[in-house]
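To start, the structure itself, in structure tokens.
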Amino acid sequence: MAATNGVDQRVTVINEQPSSQKKEVRDWHDGLCACGNNCGNCVLTAFCYPCVVCHMYRMYDECCGAPLILVCPEVLLTVKHRAKNRIIGSIVNDCCTFCWCAPCATCRLYRDMVYVEQTKGLLE
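As numbered in the numbering used here, residues 24 to 147 make up the sequence shown, in order.
What follows is the structure, given as structure tokens:
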């Protein structure tokens, strides 16, 4: 080590450089029309849709009243869930799915949220 003007100069060598590793992405836990996997939720969604959406917002510790004042609250929650859990898809796809089959899409979102809770222990 060389000393210059009484100052000790040390060189740190970094052996491992930071790398950009892609995290694995996944598809939805089950399909859009897989209501048989949770019949109770599908019946509840059919007869009390707003209650189910409010419940799903509470599962993410969001305000239960948010779905009552937001436009397309299910799409917003789906986008949040997809982003946090690295699910393949797009906002346009989410919007189209909810336009044409909102109850089925809501049931699928709920089933996937339950799947994440069961595998990871909690929704983040």
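Glycine is no exception: its CB is placed at the ideal position from the N, C-alpha and C atoms. Nothing here was measured: the structure is a model prediction, and the numbers come from that model.
### Query
Should ASP135 go down as buried or exposed, given a rule of 16 or more other Cβ atoms within 10 Å for buried?
Against the sequence shown, residue 135 aligns to sequence position 112. Per the 10 Å Cβ criterion, buried.
### Query
For PHE70, does the count of other Cβ atoms within 10 angstroms reach 16, so buried, or fall short, so exposed?
Counted from its first residue, the sequence shown places residue 70 at position 47. It counts as exposed.
| message | On the DSSP bridge list, what partners appear for ILE110? | response | Taking the first residue of the sequence shown as 1, we reach residue 110 at position 87. Note: ILE110 sits in a beta bridge opposite ARG49.
Give me the residue from GLU140, TYR133, LEU93 and MET79 with the minimum Cα distance to ASN61.
The count along the sequence shown starts at 1 and reaches residue 61 at position 38. Comparing Cα positions, the closest option is TYR133.
Count Cβ pairs between the segment 104-118 and the segment 87-94 that sit closer than 8 angstroms; are there 3 or more?
By the criterion of at least three beta-carbon pairs nearer than 8 angstroms, the segment 104-118 is not in contact with the segment 87-94.
Q.
So that I know if they touch, is there some Cβ in chain B lying closer than 8 angstroms to that of ARG134?
A. The structure shown contains no chain B; it is built from a single protein chain.
Note down the Cα distance separating TYR138 from HIS52, rounded to an integer number of angstroms.
Counting from 1 along the sequence shown, the entry for residue 138 is found at position 115. Counting from 1 along the sequence shown, the entry for residue 52 is found at position 29. Their Cα atoms are separated by approximately 7 angstroms.
In or out: ARG33 buried (at least 16 other Cβ within 10 Å) or exposed?
-> Along the sequence shown, one-based indexing puts residue 33 at 10. Sixteen is the threshold: since fewer than 16 other Cβ atoms of the shown chains lie within 10 Å of the Cβ of ARG33, the residue is exposed.
Below 8 angstroms on the Cβ atoms is my contact criterion, and I expect LEU100 with TYR72 to pass it. Report the Cβ-Cβ distance as a whole number of Å.
Here residue 100 is taken as the residue at index 77 of the sequence shown, counted from 1. Here residue 72 is taken as the residue at index 49 of the sequence shown, counted from 1. The beta-carbon separation of LEU100 and TYR72, rounded to 13 angstroms, does not stay under the 8 angstroms limit for a contact.
**Request:** Output the boundary residues of the alpha helix (DSSP H) element that contains THR68.
**Result:** If you number the sequence shown from 1, residue 68 lands on position 45. For THR68, the enclosing alpha helix (DSSP H) covers residues 62-70.
| Between which two residues does the alpha helix (DSSP H) harbouring ALA89 extend? | One-based indexing of the sequence shown puts residue 89 at position 66. In this chain, the alpha helix (DSSP H) harbouring ALA89 covers 89-92.
Practice problem: Can you tell me which of VAL75, GLU47, VAL30 and CYS118 puts its alpha carbon nearest to the alpha carbon of ASN108? | Solution: In the sequence shown, the residue the question calls residue 108 occupies position 85. When only C-alpha atoms are compared, the closest one is GLU47.
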